[in-house]
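Asks: Counted the way full-length UniProt numbering counts, the sequence shown spans residues 1 to 183. We put the CB at the ideal spot given by N, CA and C, even for glycine. Keep in mind the model is a prediction, meaning the values are calculated, not measured.
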Amino acid sequence: MTTQSLSASFDIGPDTPRWSETLRDGSEVAIRPIRASDGAAERAFIEGLSDQSRRFRFLGQTRHPSDELIRRLTDIDYSRDVAFGAFDGGAEDRLVGVSRYSAASDGAQCECAVTVDDEWQNKGLGTVLMKHLIQVARQRDIHRMHSFDSAENHRMQELAAHLGFVTRTDPDDTSQVIHELTL
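(1) Find out if the Cβ-Cβ distance for the pair Ala-86, Leu-73 is shorter than 9 Å.
(2) My guess is that Ile-70 and Ile-34 are in contact by the Cβ rule of under 8 Å, so how many angstroms apart are they, rounded?
(3) Work out the CA separation of Gly-107 and Ile-142 for me, nearest whole Å.
(4) Just the Cα atoms here: how many angstroms apart are Arg-32 and Thr-16?
(5) Given that a residue counts as buried once 16 or more other Cβ atoms are within 10 Å of its Cβ, and exposed if not, what is Gly-89?
(6) Rounded to whole angstroms, what is the Cα-Cα separation between Asp-25 and Thr-167?
(7) By the three-class DSSP mapping on this structure, what secondary structure does Gln-109 have?
(8) By a C-beta neighbour count over all protein chains shown, 10 Å radius and 16 as the cutoff for buried, is Val-140 buried or exposed?
(9) Write down every uninterrupted run of the alpha helix (DSSP H) in the UniProt domain "N-acetyltransferase" (29–183) whose length is 4 residues or greater and which is fully enclosed by it, in chain order.
(10) What is the DSSP secondary structure of Thr-16, reduced to helix, strand or coil?
(11) So is Arg-43 buried or exposed if we call it buried at 16+ other beta carbons inside 10 Å?
(12) Measure the C-alpha to C-alpha separation of Gly-13 and Leu-133 and round it to an integer number of angstroms.
(13) Going by beta carbon distance, what residues of the same chain come within less than 6 Å of Ser-99, once the five residues before and after it are set aside?
(14) For Thr-62, which residues of its own chain have a beta-carbon under 6 Å away from its beta-carbon, when the five flanking residues on both sides are left out?
(15) Who are the Cβ neighbours of Val-96 in its own chain at under 6 Å, not counting the five residues just before and after it?
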């Protein structure tokens, strides 16, 4: 595993952080920040997810994401938000996992999400993506991460517990849970 340290703020450019990761099954991924030019890869990634995975990620069906959604997911304001993509074996065109957070206006907390292609689940990719995201959040002095997820998403509950998140039922919607991590 190659790890590159991130400063409190980073730009997309030649010094963009990148990691090469070997997963539990020996497969390799390259992880780097998502760029606006990754729109086609993001669209293919979302459309390639199973119905259940899309429902868990978007808390509803998004079979064919709109151009506006793709723009929001790839045109990232890295001064406050972060999105990392995992690419199959370093190929820049096949996105197999994404982790992201969006900071609240106070900059002290953020909402996070992670999604892994169905064929790449159970290999440790979600854990790797979230660990990089948590590292950046800590470096940026974010004190709390949270995620809203379907109560049926047991894989996310296992991942959240593994990473130290505390899970509770969403008081506004009992079909959802809230995972929270104090950094």
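Replies: Taking the definition as stated:
(1) Cβ distance not < 9 Å, so Ala-86 and Leu-73 don't count as in contact.
(2) Actually they do not touch by this definition, with Cβ atoms about 11 Å apart.
(3) A straight-line Cα-Cα distance of about 6 Å links Ile-142 and Gly-107.
(4) 7 Å
(5) Counting of Cβ neighbours within 10 angstroms places Gly-89 among the exposed residues, the total staying below 16.
(6) 29 Å
(7) strand
(8) In the sequence as presented, Val is not what sits at residue 140; that position holds Arg. It is buried - the Cβ of Arg-140 has at least 16 other Cβ atoms within 10 Å.
(9) 39–48, 51–58, 67–74, 125–139 and 154–162
(10) coil
(11) buried
(12) Residue confidence for Gly-13 is low, a pLDDT of 48 falling below 50, so the modelled location carries little weight and cannot support an answer.
(13) Phe-84, Val-114, Leu-129, Met-130 and Leu-133
(14) Within the same chain, Thr-62 has close Cβ partners Arg-54.
(15) Ala-86, Asp-88, Asp-117 and Trp-120
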